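In my numbering, the protein residues as written are 8 to 337.
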Amino acid sequence: MASSSRRPSRPALSLYLPKLLVLVLLAFSSAAVASASPAAAMHNNNWAVLVCTSRFWFNYRHMANTLSLYRTVKRLGIPDERIILMLADDMACNPRNSYPAQVFNNENHQLNLYGDNVEVDYRGYEVTVENFLRVLTGRHDSAVPRSKRLLSDEGSHILLYMTGHGGDEFLKFQDSEELQSHDLADAVKQMKEKHRWFAIIDSHLFSPVYLSDLKTDQYDLFLRQIGVSVVDRFTFYTLAFFEKLNMYSNASLSSLFNSYNPSMLLSTAYYRMDLYERPLTEVPVTNFFGSVMKTIHTDSAYTGFLAARGTTEISWMDRNSAGKTGGQEF
8 MASSSRRPSR
18 PALSLYLPKL
28 LVLVLLAFSS
38 AAVASASPAA
48 AMHNNNWAVL
58 VCTSRFWFNY
68 RHMANTLSLY
78 RTVKRLGIPD
88 ERIILMLADD
98 MACNPRNSYP
108 AQVFNNENHQ
118 LNLYGDNVEV
128 DYRGYEVTVE
138 NFLRVLTGRH
148 DSAVPRSKRL
158 LSDEGSHILL
168 YMTGHGGDEF
178 LKFQDSEELQ
188 SHDLADAVKQ
198 MKEKHRWFAI
208 IDSHLFSPVY
218 LSDLKTDQYD
228 LFLRQIGVSV
238 VDRFTFYTLA
248 FFEKLNMYSN
258 ASLSSLFNSY
268 NPSMLLSTAY
278 YRMDLYERPL
288 TEVPVTNFFG
298 SVMKTIHTDS
308 AYTGFLAARG
318 TTEISWMDRN
328 SAGKTGGQEF
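Encoded structure:
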């Protein structure tokens, strides 16, 4: 990371983008949330937008960063239909990869991040600033399929994770364009106006935004067999924290943030939460990184499939009767 002798200025919405990675937890909240019951805090409408903005083999770690978070949120209950995964390159199929069709984030090769169940929504040159902002704001062409849309609503919590190269108030996309902090702030404002996530009464932007300080570097973990760094330390230790949890864990965001040790990260990470009134000790990490599917208990069997089957059988009988009486079908 580039060094600086002064602390970087931050926009009003806390959307300053540092080099290498940005982790933003987005929700709208109010004073009413602080008194919400534990049951209300168990969210089942959580979404994740995970973005790798870098191309080329030497940026292997950025894809591993993104896939690490992808694997974590899936394991903690967020289904693929609520994850938007954007990968600017495919390191698994790169001819330099000595482990074809595999991506690792550690030297022991115990965890292949690029398994059979990876669903990439935007890949290669589809990963652009325009497409990213369209995902957030919902301003898509009518031909864009549902799988590429962020179909969140006012009951949603959204995890936004971005990794790549950048600097003070910007993040590069594939070394060809930049996402400016004011662009992201404008997208957040549009999302608020469209009720694209959780809102109660008076709404405020919640961001603990966890960032790496420009004054220190974000160091990486190196894998000698492939000759490049395979993961940033921030992501590696984030993954290590979540490997100890399941979707029903009560660990708080505060415990996650407190787990980051500067001597292990070899960098200084910080977060701000002045736009959020609820103590982080009361916010489960699964409010953003996980999801519990909502179930409804009934005393009788579900009749929806039977009703649909009956309609199909009646339709088939009508067609068969029409054939016997000489009728024609079109």
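Quick reminder that beta carbons are idealized off the backbone N, C-alpha and C, glycines included. Note that the structure is predicted; figures quoted are calculated from it, not measured.
Spatial neighbours of D87 in its own chain (CB-CB distance under 6 angstroms, excluding positions within 5 residues in sequence) are listed in chain order as E126.
If one requires a minimum length of 3 residues, the beta strand (DSSP E) runs lying completely within the region 84-120 are 90-94, in chain order. L166 carries a strand assignment under DSSP once its states are collapsed to helix, strand and coil. For L143 against M198, the beta-carbon gap comes to about 6 angstroms, under 8 angstroms, which counts as contact. When secondary structure is reduced to three states using DSSP, Y267 falls in the coil class, being assigned neither helix nor strand.
F295: member of the alpha helix (DSSP H) spanning 293-296, first to last residue.
For the pair A71 and V134, the CB atoms are not nearer than the 8 angstroms cut-off. Here H164 is not near R156, since their CB atoms are 8 angstroms or more apart. Annotation for L74: the continuous alpha helix (DSSP H) segment containing it runs 67-82.
For the set E284, P107, N52, the Cα lying nearest the Cα of E161 is the one of N52.
Ranked by Cα distance from F243, the options V235, L76, V56 are led by L76.
Beta-bridge partners of W54 (DSSP): I165. It is roughly 41 angstroms from the alpha-carbon of A99 to the alpha-carbon of R285. For K179, the beta-bridge partners assigned by DSSP are E185. DSSP places V136 in no beta strand (DSSP E) but in the uninterrupted alpha helix (DSSP H) bounded by 136-144.
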